[in-house]
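Visitor: Read in order, the letters of the sequence shown are residues 0 to 260 in numbering that gives the first Met the number 0. In this text, a Cβ means the ideal position worked out from N, Cα and C, and glycines have one as well. Have a look at this one before I ask anything.
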Amino acid sequence: MLIDTHTHGKLAKYLPFSEQYTRNLFKEAYKRGVESLCLTEHYNTQEFEKIYQFIHENYPQEGDTYMVEGVRVFPGLEVDILEGGHNLVIGSFDTIQALRQEILESATFKEFLPAAKLFPLVKKYDVLFGAAHVYRKGCHNLELSEELLAYYDFFDLNGKDTALLGRDNIEKVKAVGAHYDRPVMAGSDTHQFLQYGSVMNDFERSFSTIDAFREEMNAGRYKLVVDEAIEAKVEGANLLKKALKLLQSQGGSYDVPLIIE
0 MLIDTHTHGK LAKYLPFSEQ YTRNLFKEAY KRGVESLCLT EHYNTQEFEK
50 IYQFIHENYP QEGDTYMVEG VRVFPGLEVD ILEGGHNLVI GSFDTIQALR
100 QEILESATFK EFLPAAKLFP LVKKYDVLFG AAHVYRKGCH NLELSEELLA
150 YYDFFDLNGK DTALLGRDNI EKVKAVGAHY DRPVMAGSDT HQFLQYGSVM
200 NDFERSFSTI DAFREEMNAG RYKLVVDEAI EAKVEGANLL KKALKLLQSQ
250 GGSYDVPLII E
């Protein structure tokens, strides 16, 4: 099963939810060979609830996942920390909703929890917890204490960063995983469909629960896949994202249909 463990369902955090745009993202993911993905949406994105409500009400559930336009979707979150850095959380629908609600009881959309408070809170739940794009400017996850770093279940091999920082990012992230005895999971970090397939994880078998995901990941029964055209995919996605955001700012709509049916 080919799975992308870091994706988004909107073009940008501050834009409103678009049912058409989100549906088309999943359609395009399927067309590009993505069999499963983790929807690690920013916890503070505008209209967060509408994204998951749309999926929950319109698509069948299988285990901890939803089958959305042919793609197996694991719910998730991306959460900031006060120290500077992002964190990925993957779980069931109910778990993700409950966790986000508990985070918002102590944090706000702009004021983040320190890692020492967030990490134990996250691990109260049955989730997979990862450090996102640890070599990106402004991300200080690796500067946290050994005690806090031990909370992580995996480290993110980020597609966007690998394209922009260079291929040596792959070995650098693998080295971090080896140092902390944690697996590395590849995630495109896409907000725009052209970036799908830039990086993926090729698991030996399919699964639909967090328990099975954890078991297969920790057993190492998968391979990291980095597309030969990763730079072109990310560059194209970034250019289109900028153009669509500009269109929205000028009174148009970012969810203009671009895909070929």
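Just list the residues that DSSP pairs cysteine 37 with in beta bridges.
Guide: Answer by DSSP bridge pairing, in chain order: Phe73.
Visitor: Is the CB-CB distance between glycine 69 and tyrosine 29 below 9 Å?
Guide: Yes.
Visitor: With 16 as the cutoff for other CB atoms within 10 Å, does glutamate 18 come out buried or exposed?
Guide: Exposed, by the Cβ-count rule.
Visitor: Entirely within the stretch 112-191 and at least 4 residues each: give me those alpha helix (DSSP H) ranges in chain order.
Guide: Within the stretch 112-191, the complete alpha helix (DSSP H) runs of at least 4 residues are 114-121, 145-148, 158-164 and 167-178.
Visitor: Per DSSP, what are the beta-bridge partners of valine 255 in this structure?
Guide: Beta-bridge pairing links valine 255 to no other residue.
Visitor: Just the C-alpha distance for valine 175 and phenylalanine 154, rounded to the nearest angstrom, thanks.
Guide: Computed Cα separation, rounded: 8 Å.
Visitor: With tyrosine 65 as the anchor, note down where its alpha helix (DSSP H) starts and where it stops.
Guide: No alpha helix (DSSP H) contains tyrosine 65, which is instead part of the beta strand (DSSP E) from 64-67.
Visitor: Within 10 angstroms of the Cβ of threonine 64, are there 16 or more other Cβ atoms? Answer buried if so, exposed if not.
Guide: Per the 10 Å Cβ criterion, buried.
Visitor: Whose C-beta lies closer than 8 Å to the C-beta of phenylalanine 192 among residues of the same chain, with five residues either side of it excluded?
Guide: Only Asn23, Leu24, Glu27, Ala28, Arg31, Ala236 and Ile258 meet the Cβ criterion.
Visitor: Let me check understanding here. Comparing Cα to Cα, which of Glu227, Leu10 and Val133 lies closest to leucine 245?
Guide: Taking only the C-alpha atoms, the option nearest leucine 245 is Leu10.
Visitor: Measure the CB-CB distance between phenylalanine 92 and tyrosine 134 and report whether it falls below 9 Å.
Guide: Contact flag unset, no.
Visitor: What residue from Glu215, Phe47 and Glu145 has the CA that sits closest to alanine 114's CA?
Guide: Residue Glu145 is the option with its Cα nearest to alanine 114.
Visitor: Residue range of the beta strand (DSSP E) that asparagine 200 falls in?
Guide: It spans 198-202 - the beta strand (DSSP E) in which asparagine 200 sits, taken as one unbroken run.
Visitor: Quick check: the Cα distance between aspartate 125 and serine 207, rounded to an integer number of angstroms?
Guide: Their backbone Cα atoms lie some 14 Å apart in a straight line.
Visitor: What did DSSP end up calling tyrosine 20 once you bin it into helix, strand or coil?
Guide: The answer is helix: DSSP assigns tyrosine 20 an H, G or I state.
Visitor: Give me whichever residues DSSP pairs with leucine 223 in a beta bridge.
Guide: Leucine 223 pairs with Asn200.
Visitor: Compute the distance between the beta-carbons of leucine 76 and histidine 5, then report whether it is under 9 Å.
Guide: Their beta carbons are not under 9 Å apart, which means leucine 76 does not touch histidine 5 by this criterion.
Visitor: Check glutamine 100 in the structure and name its three-state DSSP category.
Guide: Here glutamine 100 sits in helix by DSSP.
Visitor: Does aspartate 210 pass the burial test, meaning 16 or more other C-beta atoms within 10 Å, or should it be called exposed?
Guide: Under this definition aspartate 210 is an exposed residue.
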